[in-house]
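Residue numbers (the numbering used here): 3 to 455.
Here is the structure:
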């Protein structure tokens, strides 16, 4: 199958069907399987129903090939028995090899980590410790930074397995020569359990062949998470009275942290980084308390999951965005700044073109994944702002579907969502509930956008 866009799939009807499921997650991977693979399967259903594409590139990923074949078979297209047999057999042999690789890695990884451990960095037992912050990314650290600075008797535990460098202590500091064998054995059993539950979730959502094809991509992830869980168990034991905080909201680590804290009757507070999805995840969202960016998102998620743990507290959101300091009260600069995004760049180009042709002096803040030279070539007279904080001081901030809109509204400047693209409109109105905030102005045409400026 040639390279084609799945963006046309995202209609309101598609989102309704996406939420019309009865999956109940068995593993910590259920949300990831749902978001990255089950959703893709439904995308293939839509593409096959609306086009005559029936062939798949030989060079496609094995997983996508299996998903495509399943989608064809499920909607009644003819699929060669030989092709189905070859994909299933190849996936099975890969599964057998990687099954043993995961167990082996989970057992040996603690020995690797203890050799990297800094001297005198072991986390000690502390009955008076009040807060433990679980940090796995720079974005999560930024969302928790003010809470960390204000906390009394707290420790910040960083998952630095992938080289993350933020202030804090490595969560793997609990591994020592005295407990390394116990942690290694427990990690191997955690990995074995994860494989079993991973297969259960995969079979229900994707079918056997697709699950086997998916499995090799999770080799390092399962082994890593198994060791992380063993270390988190130790942290919970060493912090009997602490409240736990996380920036993870819906991935495997979010579900792991929620499960462990629930089992040990610990409070887990989620200060999420990134927008909350309007999808109903099989495994739910993290924490016993989940702080949302807007009251609209809190209300939406409480209805979606039939829970009451989703809260909106303005002071907490200000702290997450770091705008309760001088930046919130600094005088805005009278200018219009458009914050681009890397997906569908032609929408960015059209927006800048329309604004400049209508006589609007617009500044541009590019997404880090975009090349400044591309925009400089297309729009030589449009000034680019490199510093994010400087761009956020603009009196009018325009974006398509981004947390920039939320942060701008918290800073007291005018936040305008440019929704001239049908896809952007569906994302804002149905997929990212926080962006439905009444504090964000919405323009569905370029005429409306000009009026709001």
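The C-beta atom is built at its ideal place from N, Cα and C for all residues, glycine as well.
A quick note: this is a predicted structure, and the numbers were derived from the prediction, not measured.
Does residue i pass the burial test, meaning 16 or more other C-beta atoms within 10 Å, or should it be called exposed?
i, result
"residue 60", "Residue confidence is low: residue 60 scores 36 on pLDDT, short of 50, so the model does not pin down where it sits. Its coordinate-derived value is still stated next. By the neighbour-count rule (16 or more Cβ atoms within 10 Å), residue 60 is not buried but exposed."
"residue 98", "exposed"
"residue 148", "buried"
"residue 436", "buried"
"residue 131", "buried"
"residue 305", "exposed"
"residue 155", "exposed"
"residue 38", "exposed"
"residue 209", "buried"
"residue 204", "buried"
"residue 274", "buried"
"residue 48", "buried"
"residue 214", "buried"
"residue 91", "exposed"
State yes or no: is the C-beta of residue i within less than 7 Å of the C-beta of residue j?
i, j, result
"residue 419", "residue 444", "yes"
"residue 287", "residue 250", "no"
"residue 402", "residue 21", "no"
"residue 224", "residue 193", "yes"
"residue 298", "residue 146", "no"
"residue 175", "residue 162", "no"
"residue 342", "residue 369", "yes"
"residue 232", "residue 185", "yes"
"residue 285", "residue 257", "yes"
"residue 313", "residue 300", "yes"
"residue 373", "residue 386", "no"
"residue 200", "residue 93", "no"
"residue 307", "residue 271", "no"
"residue 177", "residue 115", "yes"
Looking at C-alpha atoms only, which residue of the options is the closest neighbour of residue i?
i, options, result
"residue 104", "226, 291, 452, 133", "226"
"residue 34", "344, 279, 191", "279"
"residue 242", "302, 269, 231, 93", "269"
"residue 166", "137, 312, 204", "137"
"residue 277", "309, 303, 338", "303"
"residue 337", "141, 400, 115", "400"
"residue 260", "335, 289, 275", "289"
"residue 218", "96, 19, 153, 334", "96"
"residue 235", "140, 150, 134", "134"
"residue 1", "404, 353, 388", "Residue 1 lies beyond the residue range present for the chain, which begins at 3 and ends at 455; the question has no answer from this structure."
"residue 325", "311, 408, 361", "408"
"residue 126", "152, 140, 157", "157"
Can you tell me the Cα-Cα spacing of residue i and residue j, whole angstroms?
i, j, result
"residue 359", "residue 412", "30 Å"
"residue 160", "residue 397", "36 Å"
"residue 426", "residue 323", "23 Å"
"residue 366", "residue 357", "12 Å"
"residue 212", "residue 31", "15 Å"
"residue 51", "residue 45", "10 Å"
"residue 102", "residue 228", "14 Å"
"residue 267", "residue 100", "35 Å"
"residue 355", "residue 318", "38 Å"
"residue 62", "residue 414", "Note that residue 62 scores 45 on pLDDT, short of 50, meaning its location in the model is unreliable; the coordinates nonetheless yield the value given after this. For residue 62 and residue 414, the distance between alpha carbons rounds to 47 Å."
"residue 432", "residue 292", "20 Å"
"residue 316", "residue 294", "9 Å"
"residue 446", "residue 455", "14 Å"
"residue 417", "residue 391", "15 Å"
"residue 17", "residue 187", "43 Å"
"residue 12", "residue 423", "12 Å"
"residue 406", "residue 345", "16 Å"
"residue 164", "residue 351", "36 Å"
"residue 1", "residue 107", "With the chain covering only 3 through 455, there is no way to say anything about residue 1."
"residue 451", "residue 394", "19 Å"
"residue 64", "residue 220", "With a pLDDT of only 49 at residue 64, under 50, the local geometry of the prediction cannot be trusted, and no value is derived from it."
"residue 190", "residue 230", "12 Å"
"residue 179", "residue 265", "27 Å"
"residue 143", "residue 333", "27 Å"
"residue 23", "residue 296", "26 Å"
"residue 128", "residue 381", "58 Å"
"residue 58", "residue 42", "Confidence at residue 58 is low in this model, with a pLDDT of 48, below 50, so the placement of that residue should be treated as unreliable; the coordinate-derived value is given next. Approximately 15 Å between the Cα atoms of the pair."
"residue 363", "residue 196", "55 Å"
"residue 262", "residue 237", "11 Å"
"residue 440", "residue 434", "14 Å"
"residue 207", "residue 27", "10 Å"
"residue 255", "residue 421", "33 Å"
"residue 117", "residue 442", "50 Å"
"residue 453", "residue 222", "51 Å"
"residue 15", "residue 36", "18 Å"
"residue 309", "residue 377", "45 Å"
query = In the segment 13 to 59, which residue ranges form an unbroken alpha helix (DSSP H) of at least 4 residues, counting only runs that do not cross its ends?
reply = The segment 13 to 59 contains these whole alpha helix (DSSP H) runs: 14 to 21, 32 to 35, 41 to 52.
ask   = Where are the alpha helix (DSSP H) runs, 4 residues long or more, that stay fully inside the segment 366 to 449, in chain order?
value = Runs of the alpha helix (DSSP H) spanning 4 or more residues and lying entirely within the segment 366 to 449 occur at 374 to 380, 390 to 394, 405 to 412, 424 to 428, in chain order.
task = Could you pull out every unbroken alpha helix (DSSP H) segment of at least 4 residues lying fully inside the segment 168 to 241, listed in chain order?
result = Along the segment 168 to 241, the alpha helix (DSSP H) occurs as fully enclosed runs of 4 or more residues at 182 to 208, 210 to 216, 221 to 240, listed in sequence order.
message = My parser needs the alpha helix (DSSP H) runs of 4 or more residues fully inside the segment 127 to 167; what are they?
response = You should have 140 to 152.
ask   = In the segment 309 to 365, which residue ranges form an unbroken alpha helix (DSSP H) of at least 4 residues, counting only runs that do not cross its ends?
value = Correct list: 316 to 323, 328 to 331, 347 to 359.
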